[in-house]
Every structure is written in C-alpha cells, then in structure tokens.
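Its first residue numbered 0, the sequence shown is counted upward by one per residue in numbering that gives the first Met the number 0. Cβ coordinates follow ideal geometry from the N, Cα and C atoms, glycine included. All figures in this text were calculated on a predicted structure; none of them were measured in a lab.
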Amino acid sequence: MPSKAKTGKKLVIVESPAKSKTIAKYLGEGFIVEASIGHIRDLPQPSELPAELKKTSVGKFAVDIEHDFKPYYVVSPDKKKKVTELKAALKDADELYLATDGDREGEAIAWHLLEVLKPKVPVYRMTFGEITKEAIQRAMGNLRDVDQDLVDAQETRRVLDRLYGYEISPVLWRKVARGLSAGRVQSVVTRMVVDRERERMAFKAASYWDLTGQFGAESGSFKAKLAAVDGAKVATGRDFNDNGELTSRNVAHLNEELATSLAAGLQNADFRVRSVDTKPYTRRPAAPFTTSTLQQEAGRKLRFSSKSTMQIAQRLYENGYITYMRTDSSALSDEAITAARRQASELYGPEYIPQSPRVYSNKAANAQEAHEAIRPAGDSFRTPAQVAKQLSGDEFRLYELIWKRTVASQMGDAKGSTATIRLGAVSADGRDADFSASGTVITFPGFLAAYEEGKDETRGDDDSDEARRLPNVAKDDSLTASDIQAVGHETSPPPRYTEASLTAELEKKGIGRPSTYASTISTIQDRGYVRKQGSALVPSWIAFSVIRLLEQHFSDYVDYEFTADMEGDLDKIANGQEAGASWLRHFYFGEDSDPGLLSIVNNLGEIDAREINSIPITDEITLRVGKFGPYLESSAALVDPKTGEIVESARANVPEDLAPDELTAAKAIELMETAAPEERVLGADPHTGHTVVAKNGRYGAYVTEIIPEMTDEELANQPVEYYKNGKPKPPKKPVKAKPRTGSLFKSMTVESVTLEEALQLMSLPRALGEDAEGNLITVQNGRFGPYLKKGTDSRSIGSEEEIFTITLEQALEIYSQPKQRGARAAVPPLAEFGPDPVSEKNIVVKEGRFGPYITDGITNITVPRATSLEELTREQAVELLAEKRAKGPVKRTTTRKAPAKKKATAKK
Numbered sequence: 000m001p002s003k004a005k006t007g008k009k010l011v012i013v014e015s016p017a018k019s020k021t022i023a024k025y026l027g028e029g030f031i032v033e034a035s036i037g038h039i040r041d042l043p044q045p046s047e048l049p050a051e052l053k054k055t056s057v058g059k060f061a062v063d064i065e066h067d068f069k070p071y072y073v074v075s076p077d078k079k080k081k082v083t084e085l086k087a088a089l090k091d092a093d094e095l096y097l098a099t100d101g102d103r104e105g106e107a108i109a110w111h112l113l114e115v116l117k118p119k120v121p122v123y124r125m126t127f128g129e130i131t132k133e134a135i136q137r138a139m140g141n142l143r144d145v146d147q148d149l150v151d152a153q154e155t156r157r158v159l160d161r162l163y164g165y166e167i168s169p170v171l172w173r174k175v176a177r178g179l180s181a182g183r184v185q186s187v188v189t190r191m192v193v194d195r196e197r198e199r200m201a202f203k204a205a206s207y208w209d210l211t212g213q214f215g216a217e218s219g220s221f222k223a224k225l226a227a228v229d230g231a232k233v234a235t236g237r238d239f240n241d242n243g244e245l246t247s248r249n250v251a252h253l254n255e256e257l258a259t260s261l262a263a264g265l266q267n268a269d270f271r272v273r274s275v276d277t278k279p280y281t282r283r284p285a286a287p288f289t290t291s292t293l294q295q296e297a298g299r300k301l302r303f304s305s306k307s308t309m310q311i312a313q314r315l316y317e318n319g320y321i322t323y324m325r326t327d328s329s330a331l332s333d334e335a336i337t338a339a340r341r342q343a344s345e346l347y348g349p350e351y352i353p354q355s356p357r358v359y360s361n362k363a364a365n366a367q368e369a370h371e372a373i374r375p376a377g378d379s380f381r382t383p384a385q386v387a388k389q390l391s392g393d394e395f396r397l398y399e400l401i402w403k404r405t406v407a408s409q410m411g412d413a414k415g416s417t418a419t420i421r422l423g424a425v426s427a428d429g430r431d432a433d434f435s436a437s438g439t440v441i442t443f444p445g446f447l448a449a450y451e452e453g454k455d456e457t458r459g460d461d462d463s464d465e466a467r468r469l470p471n472v473a474k475d476d477s478l479t480a481s482d483i484q485a486v487g488h489e490t491s492p493p494p495r496y497t498e499a500s501l502t503a504e505l506e507k508k509g510i511g512r513p514s515t516y517a518s519t520i521s522t523i524q525d526r527g528y529v530r531k532q533g534s535a536l537v538p539s540w541i542a543f544s545v546i547r548l549l550e551q552h553f554s555d556y557v558d559y560e561f562t563a564d565m566e567g568d569l570d571k572i573a574n575g576q577e578a579g580a581s582w583l584r585h586f587y588f589g590e591d592s593d594p595g596l597l598s599i600v601n602n603l604g605e606i607d608a609r610e611i612n613s614i615p616i617t618d619e620i621t622l623r624v625g626k627f628g629p630y631l632e633s634s635a636a637l638v639d640p641k642t643g644e645i646v647e648s649a650r651a652n653v654p655e656d657l658a659p660d661e662l663t664a665a666k667a668i669e670l671m672e673t674a675a676p677e678e679r680v681l682g683a684d685p686h687t688g689h690t691v692v693a694k695n696g697r698y699g700a701y702v703t704e705i706i707p708e709m710t711d712e713e714l715a716n717q718p719v720e721y722y723k724n725g726k727p728k729p730p731k732k733p734v735k736a737k738p739r740t741g742s743l744f745k746s747m748t749v750e751s752v753t754l755e756e757a758l759q760l761m762s763l764p765r766a767l768g769e770d771a772e773g774n775l776i777t778v779q780n781g782r783f784g785p786y787l788k789k790g791t792d793s794r795s796i797g798s799e800e801e802i803f804t805i806t807l808e809q810a811l812e813i814y815s816q817p818k819q820r821g822a823r824a825a826v827p828p829l830a831e832f833g834p835d836p837v838s839e840k841n842i843v844v845k846e847g848r849f850g851p852y853i854t855d856g857i858t859n860i861t862v863p864r865a866t867s868l869e870e871l872t873r874e875q876a877v878e879l880l881a882e883k884r885a886k887g888p889v890k891r892t893t894t895r896k897a898p899a900k901k902k903a904t905a906k907k
C-alpha cells in the first residue's frame with residue numbers, strides 16, 4: 000500500500016473554541032487548530048448499555064468490575080459529529096498535536112482523543128501554562144507523550160465516583176427521598192456545612208461585660224477598653240466555650256451590676272498612663288494566587304461565587320490574559336518574577352522592591368496539578384488600564400485582582416510600629432481598673448501600596464486597632480476621662496461557612512482538589528442540600544437526614560481524614576507509585592479485615608427510615624423530614640374535646656426560610672401553637688351524604704369530600720364476570736371514585752370556611768350558559784386568578800368572589816370586547832443587563848412560574864439555584880443564554896397517530 004502523500008498540515012486539538020482561536024494566532028503556517036469542546040466520550044448510564052452487556056460484569060456500573068475495573072466508554076451522542084470532523088481533519092494532517100490542558104483532566108481528554116481518533120501519524124503532547132507567543136514557542140520545544148500515570152489517576156477517579164454514587168445513592172432513595180445523590184467529595188462537603196450548623200444549634204451564649212472610655216492628653220484623645228480589674232484580666236468572648244462556660248482561670252468575669260458600679264466609681268477618678276510599649280511592625284505580602292486562594296479572595300472582595308470565579312478565569316486564560324487557572328502552586332516562573340519586580344519598580348519606585356526576589360513554596364500537601372501560580376500572562380504584564388477596553392466588567396475586575404496580587408507578591412514588606420498604652424485609676428469603691436489601647440502606624444506601606452488581602456469572618460472580639468495613631472504620651476502623664484460606659488456582650492456561635500471560608504477549610508483538610516471546589520459547592524446547592532442566606536451557606540433539613548444516614552452506615556465515606564487519605568492515594572497513582580486497578584479492587588472488594596464498599600452495602604442490615612428522618616427539638620416536639628418537606632410533630636396525645644377520644648398527633652409546617660439553628664425549642668412551641676389545623680370537618684353534603692372537610696395541603700388550603708369505601712356486602716354483590724370456559728373471573732377491584740375538591744379563596748382559611756362555601760368551591764367550574772353560537776361559557780379559579788372560559792378563549796375577571804356572582808350577560812359583555820393582552824400592570828424585571836451580543840435584544844431577569852429566569856425575548860434559561868440574583872452578572876447572563884442556544888430547543892417526545900387509511904373508492 001503506497002504511503003500517504005505529505006500535506007505539510009499539522010493538526011492541533013484543544014478543548015474549547017476560544018482557546019483554539021487564541022492559540023492559532025501564535026502558531027506558524029500549516030497549523031490547523033480544532034476544538035474537541037471538552038470530553039468526547041464518557042461512561043454511559045447502565046440502562047444505555049448494549050443488551051448483551053447488561054447481564055455481564057459491566058452491566059451494573061458500565062465498568063467491568065471483574066476485569067481490572069475497565070471502563071466501558073462511549074462517544075457522547077452530541078459529540079459524534081465533532082469526532083467525525085476531527086477524523087476528517089486528521090486525514091489531511093502529517094502530525095497531530097494534543098494541546099489540551101496540562102492537568103489530569105486535560106491529560107485524560109488527550110488520551111480519549113488518541114483512543115478514538117487512532118491516528119497513523121506522529122502524535123505529540125503539548126502543554127503550556129499560558130496562551131502567549133513565548134509560552135507556545137517554549138511548549139513546541141518541550142513536546143512529550145501522553146502521561147499514562149496522569150491518565151490512570153483521572154480514570155481511577157472517574158470509576159471511583161461511579162462506584163461510590165451508584166452504590167450509596169440508592170440507599171438514600173429508599174430511606175430518605177427519591178432523586179438524592181451521594182458523592183465522594185460532595186457528601187463530605189455537605190457534612191462540613193451540616194456539622195457547622197450542628198455546632199450553632201448546640202451553642203449556648205454566655206454574657207460578659209466590660210468598660211470603654213474616651214481619654215484625653217495634651218497631644219490628643221483616644222478610646223481605650225477595660226483590660227483588668229485588681230490585676231485580673233477581664234473576661235472576653237475567647238474565655239468561654241460553646242457551652243457558655245468560662246474556661247480561663249484567674250480572670251474577672253464582670254456582670255452588668257459589677258460593670259455598671261465600676262463605671263460609676265470611675266467617673267471622677269484620676270487616670271494616669273501606666274506604661275507605653277512600642278514594637279516594630281512588619282507585614283509580608285500574600286503569595287500569588289492558587290485556584291483555592293483565587294476563589295476565596297474573589298468571594299471576599301468581588302462577591303463572586305466560586306463557580307463564577309472559575310468561569311471568568313477560564314475565559315481570561317483562553318483569551319491569553321492569565322496563566323492556567325487550575326493550580327495548587329503559588330510559585331512564579333523566573334520570567335514572571337522579573338516582570339512583577341519590573342512593573343512594581345516602574346509604578347511605585349525602586350525602593351518598593353526588596354533586594355532579592357521572593358520565592359513562594361507550595362502550602363498544599365499534594366500540589367499535583369500545578370505549573371505555577373495564577374498570574375497575568377506573558378513575560379511582561381499588561382496593566383489593568385491597558386486591558387480595560389478589551390474585557391467585560393467582571394473580567395476586568397478579576398484580572399485587576401490577579402494583577403495586583405501578583406505584583407504585590409514581589410514588593411517589600413509593610414513596616415511601621417505598634418504602640419500599646421496601659422492606663423488606669425482606682426474607683427471610688429477601691430477597685431483598680433486597668434485600661435488598654437493599641438494602634439499601628441505604617442511608616443512604609445511596601446506591598447500595601449498595591450494590594451491588601453481580605454479576611455473571612457471570625458469569632459472573638461472585633462476591635463482591631465490597626466492603622467490607628469495614638470497620641471504621644473509618657474508614663475505617669477495625667478489623662479482626662481469621659482464617656483466611661485459599661486458595655487454588655489454575648490458570645491457568638493461559630494460563623495456559617497461562606498464559599499470562601501469553605502474553600503479554605505477544604506484545602507486545609509486536604510479534601511478534594513482545588514480545581515473541583517467550585518463545581519462541588521455548586522452541586523450541593525443544586526441538589527438542595529445547601530442554600531445561600533446572604534453569603535452564608537445554610538444546610539437543609541434533608542441534608543441532616545442524608546448525613547445522619549451516611550454517618551451511621553457509611554462512616555468512613557464521610558470521614559474527613561479518610562477522604563483526605565483517599566486523595567493522597569490518587570496522587571500516588573498520578574505519580575506512578577500505585578496502579579489504579581489494584582487500588583479500586585481494594586476499595587470496592589476490600590481485603591482481609593478491611594471491608595470494601597460492596598461488603599458494607601450488602602451488610603447494611605435494617606435502617607430505620609423514621610429514626611433517620613427525625614430530629615428531637617424538645618422532649619415532646621420532633622422535626623420530621625417528610626415526602627413534602629420538614630414538619631414538626633408533637634408526641635403529646637391530642638384529645639377530641641367532644642368525644643374524649645385520642646386523635647392524631649398535632650403537626651406544624653416549618654417555614655422554608657427558617658434556618659435549622661433558628662428552630663429553637665421556643666420557636667418550635669410557637670409554630671405548634673400557631674399552626675392551622677391540618678383538617679377540619681365541615682359537615683355532610685345534603686345531596687350525597689359525603690363528609691366534607693377543609694385541609695391544609697402542600698399547595699395551600701382546600702376543601703374535599705370523603706368518599707366512603709365499599710362495604711364487604713357491597714363488594715360481594717358486584718356482578719360476576721366469567722371466562723369463555725365458564726369459570727368465574729376473580730372479582731375486580733372497584734375503581735375508586737375521584738373526590739371533588741376546591742382550593743380556598745385567599746380570603747378564606749381552614750378555620751373560617753363554612754360548609755356552604757365548601758360546596759360552592761367543589762362545584763366549580765360553574766356553567767354560566769351558552770353564547771349565540773352555542774358555545775358553553777364557564778367561570779373558574781386558576782393559578783393566576785379567576786377567569787372565564789369559552790372553548791380555548793380565556794378572559795380574566797376581577798376578584799375570586801365574582802366567580803359566584805357573575806352572570807351570563809356580564810360574561811357576554813366581556814367577550815364582546817377585544818381580548819386585551821398584557822392588560823395587567825407590567826411587572827418590572829428583576830434585573831437588566833443591556834443588549835445580548837448575539838440577538839441584540841435586551842437581556843432581563845424575570846420572575847417565572849418556576850423561579851427567576853434570564854431572557855432576551857427569544858431564548859429563556861432559568862437562573863441556576865447556586866447563583867443568587869445579587870451575584871448574577873451580565874457576563875454570566877450572556878454565557879447562560881449562549882449555552883442554552885448551543886443546546887438547541889428541547890426535544891419533546893410525542894406520540895404520533897398513524898394516518899388514517901384511505902378508503903378504497905369504487906372504480907367507475
């Protein structure tokens with residue numbers, strides 16, 4: 000067979016179209032750049048496997064658990080066209096360059112491309128940490144093969160997640176609720192949020208008091224706080240534990256009476272300076288950004304969610320503005336250090352640059368997926384002003400943050416001095432009061448001229464005295480005192496996690512990979528395990544049930560240390576120190592005394608679903624997680640006052656926006672006392688004799704009739720049907736009659752509705768009569784209010800009460816008028832983002848039937864649950880609409896009737 004003629008073309012494959020456009024600018028002639036648009040194949044659902052595989056060792060997970068856990072991959076349906084295009088491009092190429100990202104996932108994408116395309120030309124693996132001309136040239140000089148160890152680590156991770164999810168999730172379906180999911184990292188992160196809420200629920204506040212005062216000297220005045228009484232340190236919030244107990248010894252715990260009397264006794268006291276202590280102050284800059292620290296700081300300073308931060312960073316990277324955004328490393332390349340030092344010197348002066356470059360080591364225990372820190376791209380950095388016109392608002396803000404942090408990391412220390420003044424006096428009752436004030440004066444700002452790192456909320460006293468200049472005083476100087484006040488405090492519970500603080504804690508514990516934090520935090524919100532209250536992450540009650548079940552029956556799999564060790568094992572696979580297949584075998588099948596996941600699932604024993612879904616609030620009130628949400632139930636028996644019989648336990652719904660730590664014993668009792676009755680008997684329908692009741696349901700209050708079951712005698716008197724052979728058929732189960740129901744009007748309640756009103760509600764829709772053409776007109780109540788209906792023509796009417804008073808003549812008058820579309824007052828949009836770059840229509844956010852959604856008038860997309868309206872940006876809205884357009888319209892399966900057969904016509 001003759002060899003293929005050389006074409007001189009070289010095919011380069013990257014993941015995204017944006018990346019392909021940027022890299023194409025820097026490659027020489029003859030290079031063709033194509034995008035795979037992410038992964039081209041993945042594990043299918045077991046139900047999608049070929050019939051011959053469903054009953055084999057592959058059938059349960061689409062992974063062959065009996066043959067080294069080999070995955071059964073299929074090309075995704077939406078990628079078949081792309082694969083065909085890549086194969087066609089490869090036919091005309093002499094060389095193939097796989098230029099996907101340099102982390103494990105990028106390596107796996109490159110391997111999948113190799114497996115599917117089966118190239119017969121030389122193949123080179125090309126990686127780069129930034130998309131610049133210099134970086135591409137360096138990458139072309141450092142070509143390599145696909146790293147099979149990185150691929151093995153990523154494939155092991157993929158199979159592990161499939162085993163974990165597919166074995167544990169069904170247990171949640173059976174014992175908590177359908178549709179729930181368990182995940183190797185997702186469940187552990189959910190547990191962290193639940194554990195923090197448990198700490199808040201168990202927390203008992205402690206009260207303590209202190210004094211503040213304003214003190215004056217010749218050179219100025221300052222505020223000071225009581226530090227000690229009779230030589231004993233005054234207790235602060237740090238001296239109490241979460242049970243409200245004082246844990247520190249030899250401290251003065253002031254109550255209101257002691258503090259108030261001390262303040263009164265110091266009103267005319269002679270205050271003098273007792274000591275002045277001055278110490279040098281030095282503060283070093285923070286290291287350049289890693290994936291984790293970028294998410295944290297963007298959350299603190301820019302109020303971006305982790306998901307938004309990574310989406311924006313991805314765009315900045317793919318368009319050549321920053322280096323690769325998934326990294327565990329805080330190190331900078333020599334070129335970057337030189338660029339940062341040069342720019343800092345040019346902008347702030349040579350005195351702001353230390354003599355030697357700063358070198359940062361990796362703090363992460365397993366820094367595997369990094370080349371260097373996240374920084375501006377290039378061997379020389381563009382200032383924010385130079386890129387402002389090329390970037391969108393959020394892109395600019397994130398670029399500016401990265402630029403500032405990088406430049407500041409190579410600048411000098413901030414220097415100054417911290418002064419502490421101790422002053423005091425003896426009160427009228429003889430108690431010695433010692434006050435303290437501290438302040439820091441920055442004499443050389445150093446890196447602070449460019450950037451200062453943000454901080455998360457912490458517990459304790461928030462009385463930082465940084466950047467406060469104190470007056471120049473000396474020991475024994477006399478001071479004037481004014482406004483001496485007793486101030487009361489209460490200890491605070493542990494603060495809830497924000498996305499930033501949760502990310503920091505995950506990295507600290509070594510759970511998961513920083514590159515997956517954003518998607519994990521987004522997932523637990525999308526699953527309904529966690530919601531945002533402001534910026535705080537609040538767990539749902541269903542999350543409590545899920546975590547309780549996992550802790551009791553899968554304790555290792557939600558253990559923090561076990562999960563971190565598992566991450567370390569996956570790193571060993573990436574380093575070639577362990578084989579993925581043998582590790583998976585041990586994880587799933589176990590070994591010796593170490594049971595595997597399969598053994599644990601097969602030996603779960605009996606799980607008490609009611610116990611799992613119950614949380615005691617008081618001795619008599621328990622919170623239950625039910626099919627339709629959480630509710631309170633009292634164990635105290637209720638007695639019917641008329642009959643004296645014990646009836647069903649009292650229940651009360653729990654408001655959706657009530658955080659778990661806010662459901663105190665007092666709040667639970669209040670909800671029980673103010674709960675509307677679940678059911679109230681209104682009487683009997685005079686026509687049918689059926690009992691009519693009013694109920695509180697999931698979708699609001701309603702009335703319904705109770706249709707009695709057929710008696711045994713009535714069932715026995717049913718006509719008997721026979722088979723063709725003469726034998727009687729078994730009696731059919733009678734079709735249960737559907738009871739009439741009706742939703743209460745807004746003006747009605749379960750307690751106030753009458754039998755007469757209930758019968759009227761159950762009679763709807765009400766027929767008014769026919770128009771001149773014989774079309775029936777009815778009136779009824781709907782989700783969006785009362786309306787008339789004539790065939791397919793609906794018309795709104797004024798109020799619910801009109802449903803029973805409107806006449807046929809009035810209805811005909813309404814129908815005689817042209818139909819008014821949009822006659823109601825226009826509801827203003829929740830947000831506006833200007834014209835869409837594709838449709839050129841105005842982008843707005845509206846409140847829809849299923850929650851807020853983004854629309855340009857042509858394409859609609861629901862606002863993701865993980866994104867609050869306050870966080871939603873124009874860039875996110877544009878991107879979400881673009882993704883929805885790319886997916887195309889939703890394909891709806893419809894049952895099509897076969898066309899009727901034409902009758903044969905007689906020949907004449």
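Spanning the alpha carbons of Ala-231 and Ala-251 requires a straight line of approximately 6 Å. DSSP, read as helix, strand or coil, puts Thr-663 in coil.
With contacts defined as CB atoms closer than 8 Å, Thr-21 and Asn-318 qualify as a contacting pair.
Runs of alpha helix (DSSP H) with 4 or more residues, each lying fully within the region 261-335, are found at 290-300, 305-317, listed in chain order.
By the neighbour-count criterion, in which 16 or more other beta carbons inside 10 Å mark a residue as buried, Ser-218 falls on the exposed side. Positions of the alpha helix (DSSP H) runs, each at least 4 residues long and wholly inside the region 4-62, are given as 16-23, 50-53 in order along the chain. A distance of 8 Å or more separates the beta carbons of Tyr-320 and Pro-383. Apart from sequence neighbours up to five positions away, the residues of its chain that approach Asp-475 with a beta-carbon distance below 7 Å are Arg-271, Val-272, ordered along the chain.
A residue is called buried once 16 or more other Cβ atoms fall within 10 Å of its Cβ, and Pro-727, having fewer, is exposed. Residues of the same chain with a CB within less than 8 Å of the CB of Val-653, apart from the 5 flanking positions on each side, are Trp-540, Leu-622, Gly-628, Pro-629, Tyr-630, Leu-631, Leu-662, Leu-670 in chain order. Between Val-175 and Ile-611 the beta-carbon gap is near 7 Å, inside 8 Å, which marks them as a contact.
Runs of the beta strand (DSSP E) lying entirely within the region 500-550, each at least 3 residues long, are 529-532, 535-538 in chain order. Going by C-alpha positions, Asp-209 is about 5 Å away from Val-486. In the structure shown, Asp-160 falls within a helical segment according to DSSP collapsed to helix, strand and coil.
For Pro-727, DSSP records a beta bridge to Tyr-721. Between Ser-329 and Ala-372, the C-beta gap is smaller than 8 Å, which places the two residues in contact.
A residue is called buried when at least 16 other Cβ atoms come within 10 angstroms of its Cβ; Glu-51 does not meet this threshold and is exposed. If you draw a 10 Å sphere on the C-beta of Val-557, you find 16 or more other C-beta atoms in it, and that means buried. Within the same chain, and ignoring the five residues on either side of Ile-352 in sequence, the residues whose Cβ sits closer than 8 Å to its Cβ are Arg-340, Ala-343, Ser-344, Gln-409, Met-410, Gly-411. When the alpha-carbon of Phe-202 is set against those of Asp-241, Asp-660, Thr-235, the nearest one is in Asp-241. When DSSP states are grouped into helix, strand and coil, Phe-239 belongs to the strand group. By the criterion of a C-beta distance shorter than 8 Å, Ala-766 is surrounded in its chain by Leu-775, Ile-776, Thr-777, once the five residues flanking it on both sides are discounted. DSSP places Tyr-96 in the strand class (E or B) of the three-state scheme. When secondary structure is reduced to three states using DSSP, His-66 falls in the coil class, being assigned neither helix nor strand. Note that the C-beta distance between Val-545 and Leu-787 is not below 8 Å. Counted as a single uninterrupted DSSP element, the stretch harbouring Leu-113 is not any beta strand (DSSP E) but the alpha helix (DSSP H) occupying residues 103-116.
Contact fails between the region 180-197 and the region 575-594, because fewer than three Cβ pairs, one in each stretch, are under 8 Å apart. By the neighbour-count criterion, in which a residue is buried when 16 or more other Cβ atoms sit within 10 angstroms of its Cβ, Gln-153 is buried.
DSSP places Gln-484 within a strand segment (E or B) once states are collapsed to three.
Rounded to the nearest whole angstrom, the C-alpha separation of Val-680 and Lys-886 is 52 Å. If the five residues before and after Ala-205 are omitted, its C-beta is found closer than 6 Å to the C-beta atoms of Phe-239, Gly-243, Thr-490, all from its own chain and listed in chain order. Here Val-778 is bridged, per DSSP, to Arg-765, Leu-787. Counting only residues of its own chain and dropping the five nearest sequence neighbours on each side, Ile-336 has a CB closer than 7 Å to the CB of Pro-356, Gln-409. For Pro-121, the number of other beta carbons within 10 angstroms of its own is below 16, and it is reported as exposed.
With distances taken between CA atoms, Arg-650 lies nearest to Val-624 out of Val-624, Leu-657, Gly-164.
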